[in-house]
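Per the UniProt record's numbering, the very first residue in the first sequence carries number 1; after that it's consecutive. What follows is a single structure, written as structure tokens, with notes after it.
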Amino acid sequence: MTRWLVKTEPDECSIDDFARSPDIAIVWEGVRNYQARNFIRDMTVGDEVFVYHSSCKHIGIAGMVTVVRDAYPDPAQFDSKSDYYDAKSTPDNPRWTAVDMIFGRKFPRLITLDELKVLPQLESLALVRKGNRLSVMPVSDDEWKTIVSLC
DNA sequence: GCCAACGTTGGC
DNA sequence: GCCAACGTTGGC
Numbered sequence: 001m002t003r004w005l006v007k008t009e010p011d012e013c014s015i016d017d018f019a020r021s022p023d024i025a026i027v028w029e030g031v032r033n034y035q036a037r038n039f040i041r042d043m044t045v046g047d048e049v050f051v052y053h054s055s056c057k058h059i060g061i062a063g064m065v066t067v068v069r070d071a072y073p074d075p076a077q078f079d080s081k082s083d084y085y086d087a088k089s090t091p092d093n094p095r096w097t098a099v100d101m102i103f104g105r106k107f108p109r110l111i112t113l114d115e116l117k118v119l120p121q122l123e124s125l126a127l128v129r130k131g132n133r134l135s136v137m138p139v140s141d142d143e144w145k146t147i148v149s150l151c
């Protein structure tokens, strides 16, 4: 089992959207960055994922979700009406990958970016590094424990 | 809204 | 394969 962190704008998909329908998996589609895609490809059922709210008023980790379907070709890349459509991608040779996730838990409080930044245990986590834009990243066991212990 | 940092594109 | 130009991300 591997652990991860994904960024999302809460206007698009927040931890509350997961919590609202705890029995329904949400398709994590639309990642269009190769490094992030490579991480998604490695996701398998049972992986745990922090949900980080970005580009919003309250920035930080809001909770966690669980992978319920192994990585598979992102359906949005074939949908010409989708914002995530990619004309260069074909079912035979798909470029982008999606994964299905289900609600895990919402943390009793938001773990803010500010408090994550000052922890020396997290200095190698891409999330807190200056200029970082990676939207999907692995979280080590130690990093996971450090973050969970904050809430 | 600003803008630094970054990833991608495309001409050469 | 280099790199300038461009578009995007994301904190502030």
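Glycine residues also receive a C-beta, built at the ideal position from the N, C-alpha and C atoms.
For Ala126, same chain residues with a beta-carbon under 8 Å away, outside a window of 5 residues either side, are Asn132, Leu134, Met137 in chain order.
At a Cβ-Cβ threshold of 8 Å, Ser140 and Ala62 do not count as neighbours. Cβ contact annotation for Ala71 (same chain, cutoff 8 Å, sequence separation greater than five): Ile40, Arg41, Asp42, Met43, Thr44, Thr97, Ala98, Val99, in chain order.
Between Asp114 and the set Leu150, Ala25, Asn93, Arg37, the nearest pair of CA atoms involves Leu150.
According to DSSP, Asn93 shares a beta bridge with Thr90.
Look at the UniProt domain "EVE" (3 to 149) and you find these whole runs of beta strand (DSSP E), each 3 residues long or longer: 3 to 8, 26 to 28, 48 to 53, 60 to 73, 97 to 112, 136 to 138.
In the same chain as His53, and ignoring 5 residues on each side of it, the C-beta atoms closer than 7 Å to its own belong to Thr8, Pro10, Ser14, Ile59, Gly60, Ala62, in chain order. Between Ser82 and Thr90, the alpha-carbon positions lie close to 15 Å from each other. Separation of the CB atoms of Ile147 and Ile111 is rounded to 6 Å, and the pair is thereby assigned contact status at 8 Å. When the Cα atoms are used, Met64 and Arg105 turn out to be separated by approximately 5 Å.
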